[in-house]
Amino acid sequence: MATILIRINRFMKSVDEIHDERLKRTFEDFYWFLYRLSGFVCQITPFSNLAFSLFRNSILVITFVWHLILFVFTMPLILNEPHLIIRNVHFTLFISFSLTMFIWFTYQRNRVIRSHWQITNGFHKYGKEGDLVTAKLVKDFRRTYIVSLSILPVIICSSAVFMFFSTAIDQATGAPPLEDPGNGVDVFLPLVLWYPWDVKRWHLFQLAHELLLALYVGIIISTSDLIFVNLVYTVCIQLNLLLLSVKKIEQRSLRKFKELYPTEKPIVNYDDEKFMICYEICLRKNIEHHQNLSRFFSYIVPLGDLPIFCAFGMEAIVLGMSALDLVTGGERIGDMILNIMLCCAEVANMAVLCWYGQRVINLSMEVHDAMYSTKWYLCKREVTNVMKIVQVRTLKPWVVMGGIWPCNLASFQAVMNTAYSYFNLLVAFRE
Numbered sequence: 013m014a015t016i017l018i019r020i021n022r023f024m025k026s027v028d029e030i031h032d033e034r035l036k037r038t039f040e041d042f043y044w045f046l047y048r049l050s051g052f053v054c055q056i057t058p059f060s061n062l063a064f065s066l067f068r069n070s071i072l073v074i075t076f077v078w079h080l081i082l083f084v085f086t087m088p089l090i091l092n093e094p095h096l097i098i099r100n101v102h103f104t105l106f107i108s109f110s111l112t113m114f115i116w117f118t119y120q121r122n123r124v125i126r127s128h129w130q131i132t133n134g135f136h137k138y139g140k141e142g143d144l145v146t147a148k149l150v151k152d153f154r155r156t157y158i159v160s161l162s163i164l165p166v167i168i169c170s171s172a173v174f175m176f177f178s179t180a181i182d183q184a185t186g187a188p189p190l191e192d193p194g195n196g197v198d199v200f201l202p203l204v205l206w207y208p209w210d211v212k213r214w215h216l217f218q219l220a221h222e223l224l225l226a227l228y229v230g231i232i233i234s235t236s237d238l239i240f241v242n243l244v245y246t247v248c249i250q251l252n253l254l255l256l257s258v259k260k261i262e263q264r265s266l267r268k269f270k271e272l273y274p275t276e277k278p279i280v281n282y283d284d285e286k287f288m289i290c291y292e293i294c295l296r297k298n299i300e301h302h303q304n305l306s307r308f309f310s311y312i313v314p315l316g317d318l319p320i321f322c323a324f325g326m327e328a329i330v331l332g333m334s335a336l337d338l339v340t341g342g343e344r345i346g347d348m349i350l351n352i353m354l355c356c357a358e359v360a361n362m363a364v365l366c367w368y369g370q371r372v373i374n375l376s377m378e379v380h381d382a383m384y385s386t387k388w389y390l391c392k393r394e395v396t397n398v399m400k401i402v403q404v405r406t407l408k409p410w411v412v413m414g415g416i417w418p419c420n421l422a423s424f425q426a427v428m429n430t431a432y433s434y435f436n437l438l439v440a441f442r443e
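Residues 13 to 443 in the working numbering are what the sequence shown lists, from first letter to last.
Right under this line is the structure:
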């Protein structure tokens, strides 16, 4: 038995060999405490960590599936309360999305780890100059990055938690009280579900359980969004660095000339063989940077296939239902505020994802133009052949795909239009 455990532990170390201290710091810098709570990239060595992760993940999946089953049994029992149906459908969609994201990123664990490992090791060989320019780019982009990084977890988790106060607000503002149907459904719980036990006796326990469930749903959705934001943000920073480096290739060539030939005066002269040697060295570094970044982008794009596809499909439906409940909510102020918060969370979520996707498209096209504007045709045949390949590869902009939908501002507009169509359809069906 001991031999079997040793072999299992050795195998786990080989699987988790990339998970070192530097990578841990990268995850902690990017995801704070969400890195450990979500369990997407938890460390699986030694064996005790694996056992704990399996136990926690099993409990989480069982809890999600249990609530989805309860939702099926509850729906026929609350057909006379449309706003309760809409609230349950909202949160059930969130639970389904969270369960999907949890399974997806657990399945893609190795891809998530290796993509962050690449970020930790870097993409270019520009030296200290490149690091300084990267630091300046990060500083210039920091405000947008912090807003996009913090707004999603705050709004999503706040919406999940506020669901527990909407009923109290309704009661405080004089909304008509909900009637106890007496069929095992506790209408005074935030998530109105049928339970196969005495809900009145276990009301506080169930309330605490639903609160933890809502928080974990918010944590999983927020972490999924942050993985996308951080990876695409890294691509944007590196594309900006590549763009600036290509635009300043002559200045870089002069500095390289001064480094290689300190006794000679550096002058931009494309007929000078020594200057062209320096120019080709700098251009090769740009080509290598682009190749590394292109491989990284191709590697991370599959991570967004299912999450973005599900998000696009779910957001349109949920937005339409939130707008319907907001318009027909009547005197229930708490439900109206909750629907406004849900709408804000959903719109902000899609806006951030699509904005980053559009940013990558724009920058990749700018890099193509900048690379073409260099004097690559004056270089040696070896360099020109490589540049032709680079030009062909950069003709098509880099697009983050979510299944059949590209992640850009045009898709964001399409989702908003679809949500409005769903809203009109639901209003017509209600009438």
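Think of the CB as a built atom: it goes at the ideal place given N, C-alpha and C, for glycine as much as any other residue.
What residues in its chain sit with their C-beta under 7 Å from that of residue i, if we drop five residues either side in the sequence?
i: Y138; result: S257 and K297
i: C366; result: C419, N420, L421, S423 and F424
Using a Cβ-Cβ cut-off of 8 Å (strictly less than) and excluding sequence neighbours within five positions of residue i, which residues of its own chain qualify?
i: V124; result: F52, V53, F117, I239 and L315
i: N69; result: G51, F114 and T118
i: F135; result: Q250, H301, N304, L305 and F308
i: Q120; result: P314 and L315
i: C248; result: F153, Y368, R371, V372 and L375
i: I261; result: Y291, C294, L295, N298 and T386
i: N100; result: F83, T86, M87, I90, L203, V204 and L205
Would you mind working out which of the options sits nearest residue i, comparing C-alpha positions?
i: A431; options: A323, Y43, I293 and L203; result: A323
i: W206; options: V84, L336 and V330; result: V84
i: L407; options: M383, F424, G415 and S423; result: M383
i: L305; options: I71, R405 and F109; result: R405
i: Y43; options: K268, E276 and I231; result: I231
i: K259; options: N242, R371, S385 and I74; result: S385
i: L318; options: N436, G414 and R126; result: G414
i: L224; options: P94, I107 and M362; result: I107
i: L35; options: M353, V166 and W129; result: W129
i: Q403; options: L390, E262 and V379; result: V379
i: P94; options: D347, S65 and P278; result: D347
i: S127; options: Y282, Y311 and I71; result: Y311
According to DSSP, is residue i part of a helix, a strand, or is it coil?
i: P274; result: coil
i: V197; result: strand
i: W388; result: helix
i: W214; result: coil
i: W206; result: strand
i: P409; result: coil
i: G414; result: strand
i: W44; result: coil
i: H136; result: coil
i: I232; result: helix
i: F76; result: helix
Check this for me: beta carbons of residue i and residue j, under 8 Å apart or not?
i: S433; j: W410; result: no
i: L253; j: V145; result: yes
i: A360; j: I81; result: no
i: S171; j: A357; result: yes
i: L46; j: S234; result: yes
i: V241; j: V364; result: yes
When the Cα atoms are used, what is the spatial distance from residue i to residue j?
i: F321; j: F109; result: 11 Å
i: S444; j: I90; result: One cannot answer for residue 444 here, as it falls past the ends of the chain, which runs 13 to 443.
i: Y228; j: T86; result: 22 Å
i: E292; j: T396; result: 10 Å
i: L445; j: G142; result: Since the first residue shown for the chain is 13 and the last is 443, residue 445 is missing from the structure and cannot be characterised.
i: F103; j: L216; result: 20 Å
Counting contacts by CB-CB distance shorter than 8 Å, is residue i in contact with chain C?
i: R123; result: Structure shown: chain C not included; a single protein chain is present.
Only counting the same chain, and skipping five residues up and downstream in sequence, which positions put a Cβ closer than 6 Å to that of residue i?
i: I98; result: M333 and D337
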